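Presented below is the structure to which this report refers.
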DNA sequence: TAAGATACTGAACGAAAGTTCAGTAAACGG
DNA sequence: CCGTTTACTGAACTTTCGTTCAGTATCTTA
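Chains as they are written, first to last, in the working numbering: chain A, 20 to 220; chain B, 20 to 220.
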């Protein structure tokens, strides 16, 4: 690979990285191209040299993120024996990786916004993927007998809600990773065991 | 009260109502003054006659909402005997009232944005209020012996996360109230009893 | 080393959105 | 019934922001 190609790829990654950070922190609309140039040192034009548009940049980040996340999960999931362990591992990966998920913060800005259908399409596919993932996670716990039988599909929504909400809270309060990890751990404990003293109502 | 004062108040409420609806649906930034004029029939100037600015309008809605919600909760909470019932009542009220909460959708757009400190101040006060409310709810369950003893403060964060996330998911998927209610009910059940077959790990 | 490709700059453009304001009509009060 | 206040209009102004593009410098390649 050329020195030029190398440098080019580096700046593209630098732009993507800075943009992801800003989208997460400020949301899609609130992040301006100007902000990204300020964070990278690159010029406006350069951003448009590497990416088709602001939307394109965002979409690129969504794709990249989902690919990376699933790869990492694949690498890790075989380590977990029980469904409970799996849940904790899932939560841990979410904190470590997902606290920077551009989707979580900005997706709502798209829904209800006047965007082209391909973006809405992509976002709803991603949401569906998440729900399917959650459902499988829960279903596997039911199949193994660790979890009570139940409507895994609806429980997947509950899990997704918990994940989305916690991610927002953790990001907002500028809490460090350790704090977030501890909150997520507690959340999974509650999810598994409940608050009540005497379960099986 | 005058015929004029009456009409004035009516239009102010009409503007506030339409704005709240739009903020909830589209977010803060994505909702333009133009959108509000289109939804009310009022002119741009008229909106600025009744409200100081877009921010002021949003802040007004936040205040109004929080006041109303707490009043409604006060009216209802004495109906519930057990902590579990309280939780379900809490969830129900959230679905019925909070699915239109302007904070939930738009607050993240403020955090990290370049807003005056009084707005950030107000938002963090509201978040703190929510957490305190949740904490008291959980603590009362612990005090009565229904819930296992635990860190009510951190559990309040988990609860808030669940609430925020579910609200977002429910709004997004255009689900009707019944569907949302059923999801929330399930969420509270899980929160109380957990997923696992054998609790008390 | 010279021609061409590639990476990048920054000023300029146009659309969109928040805000203002001169003007108008209706209601109020004396 | 007339002057004053109140409610409201909508065009114009200003700022912000995404996008474009002519130009420049650096690297590649033949």
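Just so it is clear, CB atoms sit at the ideal spot from N, CA and C, and this is done for glycine as well.
Since this is a predicted model, take the numbers as computed values, not measurements.
Minimum Cβ-Cβ distance from residue i to chain A less than 8 Å
{"i": "residue 173 of chain B", "result": "yes"}
{"i": "residue 141 of chain B", "result": "no"}
{"i": "residue 55 of chain B", "result": "no"}
{"i": "residue 81 of chain B", "result": "no"}
{"i": "residue 212 of chain B", "result": "yes"}
{"i": "residue 42 of chain B", "result": "no"}
{"i": "residue 185 of chain B", "result": "yes"}
{"i": "residue 108 of chain B", "result": "no"}
{"i": "residue 112 of chain B", "result": "no"}
{"i": "residue 103 of chain B", "result": "yes"}
{"i": "residue 188 of chain B", "result": "yes"}
{"i": "residue 202 of chain B", "result": "yes"}
CB contact flag (residue i, residue j, <8 Å)
{"i": "residue 50 of chain A", "j": "residue 42 of chain A", "result": "yes"}
{"i": "residue 58 of chain B", "j": "residue 37 of chain B", "result": "yes"}
{"i": "residue 63 of chain B", "j": "residue 56 of chain B", "result": "yes"}
{"i": "residue 188 of chain B", "j": "residue 139 of chain A", "result": "no"}
{"i": "residue 204 of chain A", "j": "residue 110 of chain A", "result": "yes"}
{"i": "residue 161 of chain B", "j": "residue 171 of chain B", "result": "yes"}
{"i": "residue 91 of chain B", "j": "residue 53 of chain B", "result": "no"}
{"i": "residue 141 of chain B", "j": "residue 81 of chain B", "result": "yes"}
{"i": "residue 179 of chain A", "j": "residue 156 of chain A", "result": "no"}
{"i": "residue 47 of chain A", "j": "residue 77 of chain A", "result": "yes"}
{"i": "residue 106 of chain A", "j": "residue 200 of chain A", "result": "no"}
{"i": "residue 113 of chain B", "j": "residue 209 of chain A", "result": "no"}
{"i": "residue 181 of chain B", "j": "residue 181 of chain A", "result": "yes"}
Supposed contact pair residue j and residue i - C-beta distance, whole angstroms, cut 8 Å
{"i": "residue 70 of chain A", "j": "residue 79 of chain A", "result": "7 Å"}
{"i": "residue 213 of chain B", "j": "residue 184 of chain A", "result": "In fact, because the Cβ distance is near 18 Å, the residues do not count as touching under 8 Å."}
{"i": "residue 215 of chain A", "j": "residue 166 of chain B", "result": "6 Å"}
C-beta neighbour in chain B for residue i, strict 8 Å
{"i": "residue 218 of chain A", "result": "Annotation note: pLDDT 49 at residue 218 of chain A (below 50); position unreliable, coordinate value reported separately. So yes, residue 218 of chain A belongs to the interface."}
{"i": "residue 115 of chain A", "result": "no"}
{"i": "residue 205 of chain A", "result": "yes"}
{"i": "residue 160 of chain A", "result": "yes"}
{"i": "residue 48 of chain A", "result": "yes"}
{"i": "residue 179 of chain A", "result": "yes"}
{"i": "residue 147 of chain A", "result": "no"}
{"i": "residue 165 of chain A", "result": "yes"}
{"i": "residue 59 of chain A", "result": "no"}
{"i": "residue 176 of chain A", "result": "yes"}
{"i": "residue 221 of chain A", "result": "It is not possible to answer for residue 221 of chain A, since the shown part of chain A is limited to 20 through 220."}
{"i": "residue 144 of chain A", "result": "no"}
{"i": "residue 215 of chain A", "result": "yes"}
Span of the alpha helix (DSSP H), counted from its first residue to its last, around residue i
{"i": "residue 212 of chain B", "result": "196–212"}
{"i": "residue 75 of chain B", "result": "73–96"}
{"i": "residue 27 of chain B", "result": "22–45"}
{"i": "residue 53 of chain B", "result": "52–59"}
{"i": "residue 66 of chain B", "result": "63–69"}
{"i": "residue 103 of chain B", "result": "102–112"}
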